[in-house]
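Asks:
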Amino acid sequence: MNHCSKYIQNIADYIDGEIDETLCADIEKHLKECNNCRLMVDTLKQTVVLCRDGKKEKLPPELEEKLNNVLKARWQKKFGK
Ligand SMILES: [Zn+2]
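Just so we're aligned, residue -4 is where the sequence shown starts under our numbering, counting upward by one.
In structure tokens:
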């Protein structure tokens, strides 16, 4: 029913550009159809850009994990039923 959770797991990788081409196309297709996921990507992108601005490095694993948790929490708020 809810395909979003499947995409959410890959969205961080998608933003990093570290993702399979097929999966990438799959995600982008879903983003066109799903407002919530698009919003999620936008938010996450902004966060990543902000984090990287000062450092120009890959997100530390800690932060990445936090980000993932935030993502999941947000998601469960919207769809957590
Ligand atoms: Zn979605």
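C-beta: ideal position from N, C-alpha, C; glycine also. Computed from a predicted structure; not experimentally measured.
How about lysine 40 and isoleucine 14: are their beta carbons less than 8 Å apart?
Replies: For this step, residue 40 is matched to residue 45 along the sequence shown. For this step, residue 14 is matched to residue 19 along the sequence shown. For lysine 40 and isoleucine 14, no; Cβs fall outside 8 Å.
Asks: Taking DSSP as the reference, what is the three-state secondary structure of glutamate 13?
Replies: Mapped onto the sequence shown, residue 13 falls at position 18. Looking at glutamate 13 - three-state DSSP - the assignment turns out to be coil, as it is neither helix nor strand.
Asks: Measure how close the beta-carbons of isoleucine 6 and valine 36 come, nearest whole angstrom, since I'm counting them as under 8 Å.
Replies: By one-based count along the sequence shown, residue 6 stands at place 11. By one-based count along the sequence shown, residue 36 stands at place 41. The Cβ separation is near 6 Å, so the contact holds.
Asks: Is the separation between the beta-carbon of cysteine -1 and that of asparagine 31 shorter than 8 Å?
Replies: In the sequence shown, the residue the question calls residue -1 occupies position 4. In the sequence shown, the residue the question calls residue 31 occupies position 36. Cβ atoms of cysteine -1 and asparagine 31: closer than 8 Å.
Asks: Does the distance from the C-beta atom of tryptophan 70 to that of isoleucine 22 stay below 8 Å?
Replies: Looking up residue 70 in the sequence shown gives position 75. Looking up residue 22 in the sequence shown gives position 27. No. Outside cutoff.
Asks: Taking Cβ to Cβ, would you say threonine 42 is nearer than 8 Å to leucine 26?
Replies: Here residue 42 corresponds to residue number 47 of the sequence shown, with the count starting at 1. Here residue 26 corresponds to residue number 31 of the sequence shown, with the count starting at 1. Not a contact, by the Cβ cut-off of 8 Å.
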